[in-house]
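*Asks:*
Residue numbers (our numbering): -19 to 158.
Below, the structure is given as structure tokens:
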């Protein structure tokens, strides 16, 4: 709510609303009125972008739509309000395939100001990033430890001429097996 009512944050709020509209064209704006019994909380209510005055609630959205709204609000808030570390576990779940590109762009944009760790099993999300933006994490059972591996562009040069990153992941060339 602060983003909507404070002049110095309004541009960020408007950016969040525009991004949500990219994915949910029917979205008009958030209501963001405090709850009657607790002014510290707001209900996630919103209007369509039509002439109707019907107020929709979070219960009338799909899980993916709610997830996208939450991620857009988190990742597009003012730099000063972003946490130092953001950990996202499978943020693409429930999202429309076209929304995954928007998600990747928001992650990349917020990563300038925050350390962002994303765990995913989505080949679609992996393809939105470049080789230097991906870190493969695997469990080394023999040594009983977790191994973090930066991908080697030189070692993958021949592969990348013929395949995209998600295909190389599926072929277990990159690692990251379950």
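C-beta atoms are modelled at their ideal positions from N, C-alpha and C, and glycine is treated no differently.
Tell me, please, which residues DSSP counts as bridged to residue 28.
*Replies:* For this step, residue 28 is matched to residue 48 along the chain shown. Bridge partners of residue 28: 7.
*Asks:* Report all residues from its chain with a CB closer than 8 Å to the CB of residue -10; omit the five preceding and five following residues, and keep chain order.
*Replies:* If you number the chain shown from 1, residue -10 lands on position 10. So the qualifying residues of the chain are -17, -16.
*Asks:* Rounded to whole angstroms, what is the Cα-Cα separation between residue 139 and residue 74?
*Replies:* The residue labelled residue 139 in the question sits at position 159 within the chain shown. The residue labelled residue 74 in the question sits at position 94 within the chain shown. Rounded to whole angstroms, residue 139 to residue 74 spans 31 Å at the Cα level.
*Asks:* Just reading off the beta strand (DSSP E) that residue 68 is part of, what are its end residues?
*Replies:* Taking the chain shown and counting its residues from 1, the one referred to as residue 68 is at position 88. It spans 65 to 69 - the beta strand (DSSP E) in which residue 68 sits, taken as one unbroken run.
*Asks:* Taking contact to mean 3 or more Cβ pairs, one atom from each stretch, closer than 8 Å, check whether the region 101 to 117 and the region 64 to 72 are in contact.
*Replies:* Verdict: yes, contact present.
*Asks:* What does DSSP give as the partner residues of residue 95 in its beta bridges?
*Replies:* Counted from its first residue, the chain shown places residue 95 at position 115. Answer is 65.
*Asks:* Does DSSP classify residue 152 as helix, strand or coil?
*Replies:* In the chain shown, residue 152 corresponds to position 172, counting from 1. Correct three-state label for residue 152: coil.
*Asks:* May I ask which residues mark the beginning and end of the beta strand (DSSP E) holding residue 20?
*Replies:* In the chain shown, residue 20 corresponds to position 40, counting from 1. That run of the beta strand (DSSP E) goes 18 to 22.
*Asks:* Where does residue 110 land, buried or exposed, given buried means 16+ other C-beta within 10 angstroms?
*Replies:* Taking the first residue of the chain shown as 1, we reach residue 110 at position 130. The residue is exposed, with fewer than 16 neighbouring Cβ atoms inside 10 Å.
*Asks:* Can you check which of these residues, 59, 113, 6, -5, is closest to residue 35 by C-alpha distance?
*Replies:* Along the chain shown, read from residue 1 onward, the residue named residue 35 stands at position 55. Ranking 59, 113, 6, -5 by Cα distance to residue 35 puts 6 first.
*Asks:* Please list, in chain order, all residues of the same chain as residue 148 whose beta carbon is under 6 Å from its beta carbon, the five residues on each side excluded.
*Replies:* Looking up residue 148 in the chain shown gives position 168. The residues are 139, 154.
*Asks:* Which class does residue 157 belong to by DSSP, given the choice of helix, strand or coil?
*Replies:* On the chain shown, residue 157 is found 177 positions in, with the first residue counted as 1. Here residue 157 sits in coil by DSSP.
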